[in-house]
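Residue 78 in my numbering sits at position 82 of the sequence shown, with consecutive numbering throughout. Ideal placement from N, C-alpha and C gives every residue a C-beta, glycine not left out. None of the values given here were measured: they were computed from a predicted structure. Heads up: the structure comes next, in structure tokens.
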Amino acid sequence: AKGLVHGGIKTLYNMPEMMKYYVKKFYIFLIFIVVLGMALHNGFDFLAKLRIRYRLKKAEGEFLRFSLSQRIQHVFLFSSFIILALSGFALIYKVGFPFLHGDTNALLRSYIHRGAAIVFIGVSIYHFFHLLKIFVDGRKKGEKLNKIFPMLPGVKDIRDVVVMLQYYVGLRSSPPKFD
């Protein structure tokens, strides 16, 4: 039998190139939406569990290492750094966003990169002055540097590193006792 099956309807492989292109873009978009949805769902779930844990720790009387301002600063610092790194690679290797073509894609990538750079620089400057204020306030109270900035490494920290390295290579039988 010679003739067209199903009245001549073309299969996916016989579709014009333009249709294949849009089907491919739709699948990429769908993958992006599913992954984004999963990330948002898991992120909100994580935040809810974190909130519960925070309330429990607060009830137990544990202290917070960073103030709210410092936590916000760090979130903006690491977020803008990650965006800078990803958008920088996208600019160097010409990786584009789905559904955007040509100049629009390049322009959007460069704007995202510049925006992240502005946020990173701004938060870094704010962070510096925030630490300077903590330092000045601490010195006015007569506190020593290790009391003002307890995260700075001290002599014991250096000893702990040496002892830990010795433990790793088998020269010590037990790791150091950390504070």
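Under 9 Å, do residue i and residue j count as touching if we go by C-beta distance?
i      : j      : result
Gly92  : Ala102 : yes
Ala112 : Ile79  : yes
Gln66  : His126 : yes
Lys140 : Asp175 : no
Starting from residue i and walking both ways along the alpha helix (DSSP H), at which residues does that stretch end?
i      : result
Ser76  : 64 to 88
Leu141 : 141 to 144
Leu36  : 13 to 56
Leu148 : Taken as a continuous stretch (DSSP letters only), Leu148 belongs to no alpha helix (DSSP H), as it is neither H nor E.
Cβ of residue i less than 9 Å from any chain D Cβ?
i      : result
Pro149 : Judged by its chain identifiers, the structure shown contains no chain D, having just a single protein chain.
Apply the 10 Å Cβ neighbour rule to residue i and answer buried if 16 or more other Cβ atoms are within range, or exposed otherwise.
i     : result
Ser76 : buried
Ser63 : exposed
Ala35 : exposed
Can you tell me the Cβ-Cβ gap for residue i and residue j, rounded? I've got them flagged as a contact below 8 Å.
i      : j      : result
Pro149 : Val159 : Their Cβ separation, rounded to whole angstroms, is 14 Å, which puts Pro149 and Val159 out of contact at 8 Å.
Ser170 : Tyr163 : 7 Å
Ile130 : Ile144 : 6 Å
Cβ contact (3+ pairs, closer than 8 Å) linking the region 67 to 84 and the region 108 to 128: Cβ pair count under 8 Å is three or more, so yes.
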